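J.: First the structure, then my questions, so here it is.
In our numbering, the protein residues as written are 5 to 254.
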């Protein structure tokens with residue numbers, strides 16, 4: 005992955021740390037003084053976390069970063085940025101390997117050869133339905149993958165372990181930040197529709213049978229689409245189900 009030329013997008017700051025507990029935790033600490041959207045990259049995380057309180061292991065050489073921003077607007081709109089991040093991740097990884105080896109997985113993962121290579125975690129604060137600040141945490145297994153989590157839906161994989169030359173975290177951030185800035189510009193001008201269409205073009209198991217497990221129930225059906233607010237839509241034996249949050253298995 006080449007980093008020649010002025011790749012860093014205008015309007016974004018960055019902080020690079022040797023070690024931190026969690027880039028999302030650091031984002032929460034920095035949020036009160038935020039001036040511009042800021043990428044926080046850690047060469048090593050000691051207490052990284054994923055969705056539903058799961059641990060995200062981040063040994064040195066892997067990628068752990070958070071984009072901290074003040075997007076304004078409603079919380080539901082801010083949450084759509086997980087799709088912007090997934091598209092940006094897909095395009096960044098596609099510069100390292102064949103696009104056919106990659107897929108986006110609802111709600112916020114990227115797969116490589118059917119295994120989880122990257123995950124996204126959104127956190128925010130706000131009041132009265134309005135977002136004060138948003139952090140988009142991103143982890144990518146560049147060099148090594150962690151031990152499998154028995155509760156996780158997919159086995160972890162790493163670029164290097166799949167025969168792909170892995171860039172340094174700093175190189176990966178240079179390219180990812182540019183792709184994300186492009187997604188943000190599209191979102192600002194044209195809304196969620198083109199973001200959604202791009203995400204669906206690379207969606208794993210679209211049109212096939214999958215299982216969605218929520219905190220209350222498990223549903224199996226045909227993955228029909230993702231709707232205009234980012235919900236998973238399944239066609240089940242009982243009819244059409246619209247799911248806002250779940251773990252997906254297939």
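By construction, the Cβ of each residue, glycine as well, lies at the ideal position given by its N, Cα and C atoms.
These numbers were taken from a predicted model, which means no experiment stands behind them.
Throw me the rounded Cβ distance for the residue 15 and residue 41 pair, which I believe falls under 8 angstroms.
T.: Working through the chain shown from its first residue, we reach residue 15 at position 11. Working through the chain shown from its first residue, we reach residue 41 at position 37. Confirmed, Cβ separation roughly 7 angstroms.
J.: Cβ atoms of residue 237 and residue 224: under 8 angstroms apart, would you say?
T.: Locating residue 224 in the chain shown gives position 220, counting from the first residue. Locating residue 237 in the chain shown gives position 233, counting from the first residue. No.
J.: Which word fits residue 72, buried or exposed, when buried means at least 16 other C-beta atoms lie within 10 angstroms of its C-beta?
T.: Here residue 72 corresponds to residue number 68 of the chain shown, with the count starting at 1. Answer is buried; the Cβ neighbour count reaches 16.
J.: From 25, 106, 51, pick the residue whose C-alpha is nearest to that of residue 203; which is it?
T.: Residue 203 sits at position 199 when you count from the first residue of the chain shown. The option with the nearest alpha carbon to residue 203 is 106.
J.: Figure out for me which residue from 248, 245, 65 has the closest Cα to the Cα of residue 48.
T.: Against the chain shown, residue 48 aligns to sequence position 44. The candidate whose alpha carbon is nearest that of residue 48 is 65.
J.: Answer yes or no: do residue 180 and residue 96 have a C-beta to C-beta separation smaller than 8 angstroms?
T.: Along the chain shown, read from residue 1 onward, the residue named residue 180 stands at position 176. Along the chain shown, read from residue 1 onward, the residue named residue 96 stands at position 92. Cβ distance < 8 angstroms, so residue 180 and residue 96 count as in contact.
J.: Would you kindly work out how many angstroms separate the C-alpha atoms of residue 17 and residue 186, rounded to a whole number?
T.: The count along the chain shown starts at 1 and reaches residue 17 at position 13. The count along the chain shown starts at 1 and reaches residue 186 at position 182. Taking the straight line joining both Cα atoms gives about 15 angstroms.
J.: Tell me, which residues are paired with residue 18 by DSSP?
T.: Your numbering for residue 18 matches position 14 in the chain shown. Partner(s): 43.
J.: On the DSSP bridge assignment, give the partners of residue 152 in chain order.
T.: Translated into the one-based positions of the chain shown, residue 152 becomes position 148. Per DSSP, none; premise fails for residue 152.
J.: I think residue 207 touches residue 70, with their Cβ atoms under 8 angstroms apart; what is that distance to the nearest whole Å?
T.: Numbered from its first residue, the chain shown carries residue 207 at position 203. Numbered from its first residue, the chain shown carries residue 70 at position 66. That pair is no contact at about 25 angstroms.
J.: Looking at the strands, I want to know which residues DSSP matches up with residue 120.
T.: Mapped onto the chain shown, residue 120 falls at position 116. Residue 120 is bridged to 115, 160.
J.: Just checking my contact of residue 250 with residue 217 at CB under 8 angstroms: how many whole Å lie between their CB atoms?
T.: Start at 1 with the first residue of the chain shown, and residue 250 comes out as number 246. Start at 1 with the first residue of the chain shown, and residue 217 comes out as number 213. Between residue 217 and residue 250 the Cβ distance is about 6 angstroms, and since that is below 8 angstroms, they are a contact.
J.: So the candidates are 113, 94, 51; which of them puts its Cα closest to the Cα of residue 126?
T.: By one-based count along the chain shown, residue 126 stands at place 122. Checking every option, the nearest Cα to that of residue 126 belongs to 113.
J.: Looking at chain B, is there any beta carbon in it that lies within less than 8 angstroms of the beta carbon of residue 49?
T.: Note that chain B does not occur in the displayed structure, where there is just one protein chain.
J.: Please work out which residues of its chain come closer than 6 angstroms, Cβ to Cβ, to residue 183, disregarding the five sequence neighbours upstream and downstream, and give them in chain order.
T.: The residue you call residue 183 lines up with position 179 of the chain shown. These residues qualify, in order along the chain: 92, 95, 96.
J.: Looking at residue 170 and residue 130, is the spacing between their C-beta atoms short of 8 angstroms?
T.: Taking the chain shown and counting its residues from 1, one reaches residue 130 at position 126. Taking the chain shown and counting its residues from 1, one reaches residue 170 at position 166. For residue 130 and residue 170, no; Cβs fall outside 8 angstroms.
J.: Identify which residue in 124, 211, 254 has its Cα closest to the Cα of residue 84.
T.: Translated into the one-based positions of the chain shown, residue 84 becomes position 80. Of the listed residues, the one whose Cα sits closest to residue 84 is 124.
J.: Compare the beta carbon distance of residue 34 and residue 173 with 8 angstroms and say whether it is the shorter of the two.
T.: Counting from 1 along the chain shown, the entry for residue 34 is found at position 30. Counting from 1 along the chain shown, the entry for residue 173 is found at position 169. Result no, Cβ atoms of residue 34 and residue 173 do not sit closer than 8 angstroms.
J.: On the premise that residue 128 lies in contact with residue 68, defined as a C-beta separation below 8 angstroms, what is that separation, rounded to the nearest angstrom?
T.: Taking the chain shown and counting its residues from 1, the one referred to as residue 68 is at position 64. Taking the chain shown and counting its residues from 1, the one referred to as residue 128 is at position 124. About 19 angstroms; that fails the 8 angstroms criterion.
J.: What does the Cβ neighbour count give for residue 132, buried or exposed, with the cut at 16 atoms within 10 Å?
T.: In the chain shown, the residue the question calls residue 132 occupies position 128. So residue 132 counts as exposed.
J.: I'd like to know whether the C-beta atoms of residue 115 and residue 158 end up nearer to each other than 8 angstroms.
T.: If you number the chain shown from 1, residue 115 lands on position 111. If you number the chain shown from 1, residue 158 lands on position 154. It is a contact, given that the beta carbons lie within the stated cut-off.
J.: In chain order, what residues of the same chain lie with their CB nearer than 7 angstroms to the CB of residue 51, ignoring the 5 residues before and after it?
T.: On the chain shown, residue 51 is found 47 positions in, with the first residue counted as 1. Cβ within range, chain order: 25, 26.
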